[in-house]
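Q: I have a structure here, written as structure tokens, and I will follow up with some questions on it.
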Amino acid sequence: MIWDRKHECMSRRALESLQLERLKETVSRAFERSPFYHQKLGDARVRPSDIASLHDVRKLPFTTKADMRSVYPYGLFAVPLKEVVRFHTSTGTTGKPTVVGYTRNDLELWSELCARITVAAGVTSDDVAQVAFHYGVFTGALGFQGGLEKVGASVIPASAANTHRQLMLMQDLGATALLCTPSYAVHLGEAAHEAGMRKKIKLRWGLFGAEPWTEQMRGEIERDLGLSATDNYGLSEVIGPGVSGECEECKNGLHIAEDHFIVEIIDPETLETLDYGSQGELVITTLTKEAVPLLRFRTGDITRLNPELCACGRTLARMDRVRGRTDDMLIIRGVNIFPSQVESALLEIEETGPHYMIVAYREGALDALEIWVEVSGRLFSDKMKELQAVEERIAKRLESVLGLSVKIKLVEPRTIARCAGKANRVMDLRETR
Amino acid sequence: MKVKQLSIFLENQSGRLAEVMDALGKESVNIRALSLADTSGFGILRLIVNDVAKGHEVLRAKGFTVRETDVLAIEVPDKPGGLAGVLAALAERGINIEYMYAFVGKSGENAVVIFRIENADEAIKALQAGGVKIMAAQDVYAL
Chain A
1 MIWDRKHECM
11 SRRALESLQL
21 ERLKETVSRA
31 FERSPFYHQK
41 LGDARVRPSD
51 IASLHDVRKL
61 PFTTKADMRS
71 VYPYGLFAVP
81 LKEVVRFHTS
91 TGTTGKPTVV
101 GYTRNDLELW
111 SELCARITVA
121 AGVTSDDVAQ
131 VAFHYGVFTG
141 ALGFQGGLEK
151 VGASVIPASA
161 ANTHRQLMLM
171 QDLGATALLC
181 TPSYAVHLGE
191 AAHEAGMRKK
201 IKLRWGLFGA
211 EPWTEQMRGE
221 IERDLGLSAT
231 DNYGLSEVIG
241 PGVSGECEEC
251 KNGLHIAEDH
261 FIVEIIDPET
271 LETLDYGSQG
281 ELVITTLTKE
291 AVPLLRFRTG
301 DITRLNPELC
311 ACGRTLARMD
321 RVRGRTDDML
331 IIRGVNIFPS
341 QVESALLEIE
351 ETGPHYMIVA
361 YREGALDALE
371 IWVEVSGRLF
381 SDKMKELQAV
391 EERIAKRLES
401 VLGLSVKIKL
411 VEPRTIARCA
421 GKANRVMDLR
431 ETR
Chain B
1 MKVKQLSIFL
11 ENQSGRLAEV
21 MDALGKESVN
31 IRALSLADTS
41 GFGILRLIVN
51 DVAKGHEVLR
61 AKGFTVRETD
71 VLAIEVPDKP
81 GGLAGVLAAL
91 AERGINIEYM
101 YAFVGKSGEN
111 AVVIFRIENA
121 DEAIKALQAG
131 GVKIMAAQDV
141 YAL
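Heads up: the protein sequence lines correspond to chains A and B, in order.
At position 213 of the first sequence the residue is numbered 213 (the numbering used here), and the sequence of numbers has no breaks.
At position 80 of the second sequence the residue is numbered 80 (the numbering used here), and the sequence of numbers has no breaks.
So this is what it looks like as structure tokens:
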């Protein structure tokens, strides 16, 4: 099923023509209205009139996460605040998150894009869709809700907590579609099995994303929950979910909404744009977003592009499942974590020093994070309750910074010294799934 | 009056405690009293040794996190009710005890108990008023 045949099955010629028209318009608007881009394009000596062909997108300078952080909160906004009707945030690389905004038109666009991918995944207005992404400032939950409502599905805004409740709603309300992280889907499958309610589950479609997952895991989820599972990709900086998604017929690459985003693959070292088929860093330019236009945003995600026509009939190019990152970002239960965030949070706490270790592991199906904190002179108190109080304080602080609950383990200085090697701060004990 | 106790942070791993004992033993530092407080994640080892400065340095050089804390070594009559009497003298003045542990050896006829009390000076006054004998630091190290 295709939601927007006109755009999803456009001829490449018409698509490229549309992209060029929109690219010119966006660069022009960004240059004129976004303080950040006015500066950046000025520094790079690029004028909107320099964009005469799609190839000229390469003339534009890149935008990085650090750039976004440097103009926190509103430096990238190309509209007056009054026109912003929604904010969302994403993880920042250190203390502050990155902030994005949406005008009414942006929200409409977002719903359209999410409608496309939910329909591509099999969902129709007859479905009861359970959104088990965390509701709040992260884009996953509200993004999908917008799309599902457009399609006319009946949305259960279950959010991401309380497995018991999730299963109860799933069973009693007859949910036929599930949207969450792949690891949460595995977790729900296990819980349903333990509760002996596997037969009561009526799920048919699943849209999973926000973290990497393999074909094996897809098979496991499809078996455990009796549904057809598809991958989808998005990031808050670009818009949220809806950037790309698999078609249920083929499950062979994620169709990218190219009428709204120009995608490139670059070599993360040389910054050279690579041909279709090469693996490299995904770079995205927004073509129609109003509040926060983004030019050549370096996502840090590693993938490959496939322009071949898909059997489903869509002409939109596909990307592979994301293979990894160019940086040290971790994804824990769908939440992006940068080691530098942990470091800056620890440095803010008086007693803690700069020596720590981030340990990612799994508890059952779910990711968990433990931070080892060195007990050095300043932190060490002879009183047990004081040490425990510091432990708790560190845990609370990290939880508020990372947006995720973590365990703290107080360790002797040499434990970290032995593992650190070349100042390596992360131990990922999770096996790829 | 105030005795210097060494507090050492230990992870809950087998062998850590043995390492401490081994390090001290090799440098001929003798342990007079010992207590180990624990949680599931870590422990605090408290030691009274005969040579505080040496003990501290030996452990610090081995990479342990060490701290010196002031405690009181109190002589307790070695008979039923002996300890109760000492505790009463403190309770009367509303003095709070953080933790305590007993010595293996004796001072003459009396048992010796180590006390960590937040307000040590107040405690010393209260105990002396109650006729309780507090040992001098040198005597404790030499026991």
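Heads up, the beta-carbon is just placed ideally off N, CA and C, and yes, glycines get one too.
All values reported here derive from a predicted model rather than from experimental measurement.
Just to confirm, is the Cβ distance from Val71 of chain A to Pro35 of chain A under 9 Å?
A: yes
Q: Can you tell me whether Thr432 of chain A is buried or exposed? The criterion is at least 16 other CB atoms within 10 Å of its CB, across all chains shown.
A: Looking at its Cβ environment, which holds fewer than 16 other Cβ atoms inside 10 Å, Thr432 of chain A is exposed.
Q: Might you give, ordered along the chain, the residues of its own chain that have their beta carbon closer than 6 Å to the beta carbon of Asn306 of chain A, omitting 5 neighbours on each side?
A: Gly253 and Arg318
Q: Whole angstroms is fine: what's the gap from Ile124 of chain B's alpha carbon to Tyr141 of chain B's?
A: 19 Å
Q: Examine chain B for any beta-carbon lying closer than 9 Å to the beta-carbon of Gly300 of chain A, and answer yes or no.
A: no
Q: Mind pulling the chain B residues with CB within less than 8 Å of Val375 of chain A?
A: Phe9, Phe42 and Thr65
Q: Rounded to a whole number of angstroms, what is the C-alpha to C-alpha distance between Phe62 of chain A and Leu76 of chain A?
A: When rounded, the distance between both Cα atoms is 14 Å.
Q: When you compare the CB of Glu57 of chain B with every CB in chain A, is at least one pair closer than 9 Å?
A: no
Q: Thinking C-alpha only, which one of A:Ser381, A:Ser244 and A:Val292 is nearest Tyr102 of chain A?
A: A:Val292
Q: What is the residue span of the beta strand (DSSP E) that Gly209 of chain A lies within?
A: Here Gly209 of chain A belongs to no beta strand (DSSP E), and DSSP marks it neither H nor E.
Q: Under the three-state reduction of DSSP, which class applies to Pro182 of chain A: helix, strand or coil?
A: helix
Q: Any C-beta of chain A within less than 7 Å: which residues of the stretch 70-103 of chain B qualify?
A: Glu98
Q: If contacts are defined as beta-carbon pairs under 8 Å, then Glu248 of chain A and Gly122 of chain A qualify, I think. What distance do you get, rounded to the angstrom?
A: Taking the Cβ atoms as the reference, Glu248 of chain A lies roughly 4 Å from Gly122 of chain A, within the contact range of under 8 Å.
Q: Is the CB-CB distance between Glu68 of chain B and Gln5 of chain B below 9 Å?
A: yes
Q: Is the stretch 4-18 of chain B touching the stretch 38-50 of chain B in the sense that three or more CB pairs, one from each, lie closer than 8 Å?
A: yes
Q: Among B:Pro80, B:Leu45, B:Met21 and B:Asp78, which one has its Cα closest to the Cα of Tyr99 of chain B?
A: B:Leu45
Q: In the DSSP assignment, find the unbroken beta strand (DSSP E) run with Trp3 of chain A in it and report its ends.
A: Segment: none, Trp3 of chain A is in no beta strand (DSSP E) and carries neither H nor E.
Q: Taking Gly94 of chain B as the reference, give the member of B:Leu10, B:Ala120, B:Val76 and B:Tyr101 with the closest Cα.
A: It is B:Ala120.
Q: Could you tell me if Val85 of chain A is buried or exposed, where buried requires 16 or more neighbouring beta carbons within 10 angstroms of its beta carbon?
A: Residue burial is scored here from C-beta neighbours: Val85 of chain A has fewer than 16 other C-beta atoms within 10 angstroms and is therefore classed as exposed.
Q: What are the residues that DSSP puts in a beta bridge with Ile124 of chain B?
A: None, per the DSSP bridge assignment.
Q: Going by DSSP, which residues form a beta bridge with Gly313 of chain A?
A: Bridge partners of Gly313 of chain A: none, in fact.
Q: Which one of A:Leu188, A:Val375 and A:Leu369 has the shortest CA to CA distance from His355 of chain A?
A: A:Val375
Q: My guess is that Gly196 of chain A and Asp231 of chain A are in contact by the Cβ rule of under 8 Å, so how many angstroms apart are they, rounded?
A: About 30 Å separates the two Cβ atoms, so there is no contact after all.
Q: Alpha carbon to alpha carbon, how far is Leu402 of chain A from Gln341 of chain A? Give it in angstroms, no decimals.
A: Each residue's alpha carbon lies about 7 Å from the other.
Q: Given a cut-off of 9 Å, decide if Arg204 of chain A and Ala185 of chain A are closer than it, judged by their beta-carbon atoms.
A: In this structure, Arg204 of chain A does not lie closer than 9 Å to Ala185 of chain A by Cβ.
Q: Determine, using beta carbons only, whether Asp301 of chain A and Leu235 of chain A come nearer to each other than 9 Å.
A: yes
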